[in-house]
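Below is one structure; the comments refer to it alone.
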Amino acid sequence: MKAKYIRGGGIPIHDISTSNTCSSTWRGLLYGAKLISNGIQWRVGNGLKIFFWSDVWLPSLGKLQNFALGTLSEDQIKEKVSDYLINNEWNLQKLASVLPGSVVNRIFCIHIASNSSSEDSVIWSLSKNGNFSVSSAYGSHFKMEDDDLWKWSFIWNLKLPPRVTFFLWILLHGKLLTNRHRAARGIAVDLICDSCRVSEEDMDHVFRKCSVSCKIWEDICNDITKNSSYTMEWNSWLWDNLKSNTLLLGCIPGHLLFAVTLWFIWKWRCEKIFIPKFSLPDCPGMIILKFVKDWLDANLSGDSSIVKKNCFIAWSPPPLGWVKLNTDGSWRPEFGSISAGGVIRNNEKAWLVGFALNKGMGNVLEAELWGIFEGLKLAWRAGFRKVLVESDSQSAVLLLTNPTPTHHPLFNIVEDCKMLVEKNWSCSIQHVFRESNRVADALANLGHSLNLGTTFFDVPPAQISACVNEDLSGSALARLLASV
Numbered sequence: 001m002k003a004k005y006i007r008g009g010g011i012p013i014h015d016i017s018t019s020n021t022c023s024s025t026w027r028g029l030l031y032g033a034k035l036i037s038n039g040i041q042w043r044v045g046n047g048l049k050i051f052f053w054s055d056v057w058l059p060s061l062g063k064l065q066n067f068a069l070g071t072l073s074e075d076q077i078k079e080k081v082s083d084y085l086i087n088n089e090w091n092l093q094k095l096a097s098v099l100p101g102s103v104v105n106r107i108f109c110i111h112i113a114s115n116s117s118s119e120d121s122v123i124w125s126l127s128k129n130g131n132f133s134v135s136s137a138y139g140s141h142f143k144m145e146d147d148d149l150w151k152w153s154f155i156w157n158l159k160l161p162p163r164v165t166f167f168l169w170i171l172l173h174g175k176l177l178t179n180r181h182r183a184a185r186g187i188a189v190d191l192i193c194d195s196c197r198v199s200e201e202d203m204d205h206v207f208r209k210c211s212v213s214c215k216i217w218e219d220i221c222n223d224i225t226k227n228s229s230y231t232m233e234w235n236s237w238l239w240d241n242l243k244s245n246t247l248l249l250g251c252i253p254g255h256l257l258f259a260v261t262l263w264f265i266w267k268w269r270c271e272k273i274f275i276p277k278f279s280l281p282d283c284p285g286m287i288i289l290k291f292v293k294d295w296l297d298a299n300l301s302g303d304s305s306i307v308k309k310n311c312f313i314a315w316s317p318p319p320l321g322w323v324k325l326n327t328d329g330s331w332r333p334e335f336g337s338i339s340a341g342g343v344i345r346n347n348e349k350a351w352l353v354g355f356a357l358n359k360g361m362g363n364v365l366e367a368e369l370w371g372i373f374e375g376l377k378l379a380w381r382a383g384f385r386k387v388l389v390e391s392d393s394q395s396a397v398l399l400l401t402n403p404t405p406t407h408h409p410l411f412n413i414v415e416d417c418k419m420l421v422e423k424n425w426s427c428s429i430q431h432v433f434r435e436s437n438r439v440a441d442a443l444a445n446l447g448h449s450l451n452l453g454t455t456f457f458d459v460p461p462a463q464i465s466a467c468v469n470e471d472l473s474g475s476a477l478a479r480l481l482a483s484v
């Protein structure tokens, strides 16, 4: 087979078409080779091997020549990725002159290895660890990979009543028949909300902006309406609350109360339309809470192997002579934008220095790792030599405390973080719950509003003063944890 079909080290896959006289074996080899080529991608090291315009090195974007702002010259076509770097940093001015801002934002989050001898390498882009697998190749061809924002596994792994899970699936994929959706399908002419008769009824209106839903949220739990996420974009608001493990009202998981409240809002909205004499209950919060507590009692009591208890979690200062670096990353799903932030404090809880950075567009793990990397660099430059690092990203901490897969897409930034940790100082990284990482979380969210790059804060920015004061006072948040 090799002698007959593989000449010159590989199967040619470009500019080759099959004909009626081709053997089935040759057809199959070309078919498989083209399929494999769809998952091959360069991972940037020092940028010396990768052709900037004609090679595939940005996830999901393909060749950058398709995004060029103008006609590319012959000299430009020959440019390497390294031609767009200055001192191992992206040359933003040069990038912005040849590519649209959205592409520049995606490039900016790619970490360039600190070691200039780190070579570019080919990885498999369809797996999380960069290694090839038959299942990922098969799935990409038959479009079995779910590229939606709301992954199947995320929704169905939430611990919720089955009817709420099914409802949530429809809601998160934008398939609820609101009046606007019905009008778009040609089955309604009135777009106005039937509950308030004030505004057009889309999903954001039904669940957040309608006066009826506002009353329900206020009655059920002010923690949700007072939370800063309440003013976020629609998808960000859903994401922030559905991934929450914070205990509300002392004993109810935040994501459970949030999802069940959404379900009741829609249930009562439909009953108002289809039941002529229906009126909203006087105490909707009590009805929702009873439903949630009954479901919790039935499900927790049925699993005798797991005992859970309320734990109150707060940020704790480091020992005398040490400083603590808290970092966090933030990802806005509706735009794909990422940012990160961090703060260094001493044993007296005093703010020493903080930072926030906007890294353009990427994924949540990139955001978390950028926060840790920038925080470690800042701590070293500031002269601290006894540093405890805390992150609420277990995935990031596991990458940094275990051997890194050679083909991992984020290999370079992970290895550079490890190099910083291994410098001549006392430095350790550990995972903490997000309840004790609130200041870093606030700084990470602030990063979205800043220009590309890193901003440093010698004093706490006014936007996060509430979180800073909570840590100073020792304020704790409840979380439901398995009892050991």
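In this text, residue positions in the sequence shown follow full-length UniProt numbering: the first is 1, and each later residue adds one. For each residue, glycine too, the CB sits at the ideal point set by N, CA and C.
| Check | Outcome |
| --- | --- |
| Here's a check: name, in chain order, each residue in its chain whose Cβ is nearer than 6 Å to the Cβ of V323, leaving out the five neighbours to either side. | I344, N346, F384, V387 |
| Which whole-angstrom value describes the C-beta separation of P318 and W239, a residue pair presumed to lie in contact below a C-beta threshold of 8 Å? | No, P318 and W239 are not in contact; Cβ-Cβ is about 32 Å, not under 8 Å. |
| With distance defined between alpha-carbon atoms, name the residue in I123, L262, W295 nearest to I50. | I123 |
| Using CA coordinates, which residue listed in A314, L420, L160 is at the minimum distance from N299? | L160 |
| From I190 to V164, what does the alpha carbon distance come to, in whole angstroms? | Note on residue identity: the sequence assigns Asp, not Ile, to residue 190. For D190 and V164, the distance between alpha carbons rounds to 28 Å. |
| Sort D294, N451, Q41, I288 by Cα distance to L262 and report the nearest one. | I288 |
| Could you tell me whether the stretch 447-456 touches the stretch 354-361, where touching means 3 or more Cβ pairs closer than 8 Å? | yes |
| Could you compute how far the alpha carbon of V364 sits from the alpha carbon of L248? | 25 Å |
| Go through its chain and collect everything with a Cβ distance to A382's Cβ below 8 Å, but skip five positions before and after it. | I344, L352, V353 |
| Short of 6 Å in beta carbon distance, which residues of its chain neighbour F411, apart from the five on each side in sequence? Order them along the chain. | T404 |
| For S116, which residues from the same chain have a beta carbon less than 8 Å from its beta carbon, with the 5 sequence-adjacent residues on both sides left out? | N46, N88 |
| With DSSP run on the structure shown, which of helix, strand or coil describes K78? | coil |
| If you draw a straight line from the C-alpha of E348 to the C-alpha of T327, how long is it? | 19 Å |
| Is A367 closer than 8 Å to S330 when the C-beta atoms are compared? | yes |
| To the nearest angstrom, report how far apart P409 and G186 are at their CA atoms. | 46 Å |
| Could you tell me whether the stretch 453-473 touches the stretch 272-287, using the rule of 3 or more Cβ pairs below 8 Å? | no |
| If I follow the unbroken beta strand (DSSP E) through A356, where does it start and stop? | 351-361 |
| In or out: A396 buried (at least 16 other Cβ within 10 Å) or exposed? | buried |
| Spatial neighbours of W53 within its chain, please: CB distance less than 8 Å, with the 5 preceding and 5 following residues excluded, ordered by chain position. | K63, L64, Q65, A68, L72, Q76, I77, E79 |
| Cutting at 8 Å between CB atoms, please list the residues of its own chain near I464, excluding the five before and the five after it. | V439, A442, L443, L446 |
| Jot down the residue ranges of each uninterrupted alpha helix (DSSP H) in the stretch 264-308, minimum 4 residues, whole runs only, in chain order. | 284-301 |
| When burial is assigned at 16 or more other CB atoms within 10 Å of the CB, is M419 buried or exposed? | exposed |
| Are there any heavy atoms of the ligand PLP lying less than 7 Å away from the beta-carbon of L325, as far as the coordinates show? | Looking at this structure, you won't find the ligand PLP or any other ligand, since it has none at all. |
| Exposed or buried, what is F264 when buried is set at 16 or more other beta-carbons lying within 10 Å of its beta-carbon? | buried |
| Is the beta carbon of R269 closer than 8 Å to that of V206? | yes |
| So C109 and I338 are in contact, right, with Cβ under 8 Å, and what is the actual spacing, rounded? | 6 Å |
| Tell me the DSSP secondary structure of I344 in three-state form. | strand |
| Ordered along the chain, which non-local residues of its own chain (more than five positions away) have a Cβ less than 7 Å from that of L452? | L92, F108, N358, G360 |
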